[in-house]
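Colleague: Sending over a structure as structure tokens; questions will come in a sec.
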Amino acid sequence: AQSVTQPDIHITVSEGASLELRCNYSYGATPYLFWYVQSPGQGLQLLLKYFSGDTLVQGIKGFEAEFKRSQSSFNLRKPSVHWSDAAEYFCAVVSDYKLSFGAGTTVTVRA
Amino acid sequence: EPEVTQTPSHQVTQMGQEVILRCVPISNHLYFYWYRQILGQKVEFLVSFYNNEISEKSEIFDDQFSVERPDGSNFTLKIRSTKLEDSAMYFCASSEAEYEQYFGPGTRLTVT
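Same order as they appear, the protein sequences are chains A and B.
Quick note on numbering: the working numbering labels position 107 of the first sequence as 1138, and the sequence is numbered without any gaps.
Quick note on numbering: the working numbering labels position 8 of the second sequence as 30, and the sequence is numbered without any gaps.
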């Protein structure tokens, strides 16, 4: 069955520093991959997606992610973090009409 | 920008009571979903709905759960007899095609 793993439960980063969140997937065919962000008390907002084509995808809020088939990874990056990026981030893969989410990574931004 | 809306934002109910959670998907979307997130746990798929029928459901979605699209705009999740373990955040989502799902803000259900 398809699944994603987010190895990091919690990451703390300084404002202005770069951020990288890891995601590994397990899927037989070419996966359709997503990153969502959940701010406290809010719903899930789609940051970006990968279906096919260019392996570096750009999303909203200055985020990007790179699909690496050889490493079964889809890591999310942001060059310079803002305090408003403090949130929980979920990687997900879709199959058979449903999204399977990772456990999430909580990002704390320190001043 | 069109968005998925959900009502109520918070529902408190007693164990054994029926609850209906409501969602208004994005208007041109054809696929509808419910997910839930128990506090501190992963977001879990419950059910998907297309062409007025369930297309996929998880093992969580037992006979206590049902979904309905009663008119052209609403999509509801009914829990027939709530249990304490049904306390969670319930998210509705919709998509134009099968893959890119847009989520509502969620309904926090508290069963006492």
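Virtual Cβ for every residue (Gly too), placed ideally from N, Cα, C.
Only a predicted model underlies this, so the values are computations on that prediction, with no experimental measurement involved.
For N1106/A, list the residues DSSP reports as bridge partners.
Modeller: N1106/A pairs with E1097/A.
Colleague: Which chain B residues are close to D1127/A, counting only those with a beta carbon under 8 Å from its beta carbon?
Modeller: Going along chain B in sequence order, the residues near D1127/A (Cβ under 8 Å) are E78.
Colleague: Taking C-alpha atoms, which residue in R1100/A, A1117/A, L1064/A lies nearest to S1126/A?
Modeller: Ranking the options by Cα distance to S1126/A, first place goes to L1064/A.
Colleague: Relative to the C-alpha of A1118/A, which residue among S1103/A, N1106/A, L1078/A, V1088/A is closest?
Modeller: With distances taken between Cα atoms, A1118/A lies closest to L1078/A.
Colleague: May I ask you to list the residues that DSSP assigns as paired with K1045/A?
Modeller: Before going further, note that residue 1045/A is Ser rather than Lys in the sequence given. Answer is R1141/A.
Colleague: Let me know the secondary structure DSSP gives K1092/A once reduced to three states.
Modeller: In the structure shown, K1092/A sits in a helix (DSSP, three-state: H, G or I).
Colleague: What in chain A is Cβ-close to Q123/B, meaning under 7 Å?
Modeller: Chain A residues near Q123/B: L1130.
Colleague: Does the beta-carbon distance from I60/B to A115/B come in below 8 Å?
Modeller: No.
Colleague: What would DSSP say about S1131/A, mapped onto helix, strand or coil?
Modeller: Strand at S1131/A.
Colleague: Cβ closer than 8 Å: which chain A residues qualify as neighbours of G94/B?
Modeller: Here the premise fails: no neighbours, minimum Cβ distance about 21 Å.
Colleague: Measure the alpha-carbon distance for Y124/B versus I1040/A and round it to whole angstroms.
Modeller: Distance between the alpha carbons of Y124/B and I1040/A is about 24 Å.
Colleague: Pick out whichever of E25/B, F71/B, T134/B, T29/B has its Cα sitting closest to the Cα of L106/B.
Modeller: Out of E25/B, F71/B, T134/B, T29/B, T134/B has the C-alpha closest to the C-alpha of L106/B.
Colleague: Under 7 Å Cβ-Cβ, which residues of chain B neighbour G1074/A?
Modeller: Chain B residues near G1074/A: F113, F125, G126, P127, G128.
Colleague: Just how far apart, CA to CA, sit N73/B and R44/B?
Modeller: If I take the Cα positions, the gap works out to 18 Å.
Colleague: Spell out a yes or no on whether the region 91–101 of chain B and the region 1047–1060 of chain A are touching, meaning 3 or more CB-CB pairs, one atom from each, closer than 8 Å.
Modeller: At 8 Å Cβ cutoff, the stretches do not touch.
Colleague: In the DSSP assignment, find the beta strand (DSSP E) that holds S103/B and state where it starts and stops.
Modeller: Run containing S103/B: none; DSSP gives neither H nor E here.
Colleague: Going by CA-CA distance only, name the one from L1107/A, Y1120/A, S1103/A that's closest to G1059/A.
Modeller: Among L1107/A, Y1120/A, S1103/A, the Cα nearest to that of G1059/A is on S1103/A.
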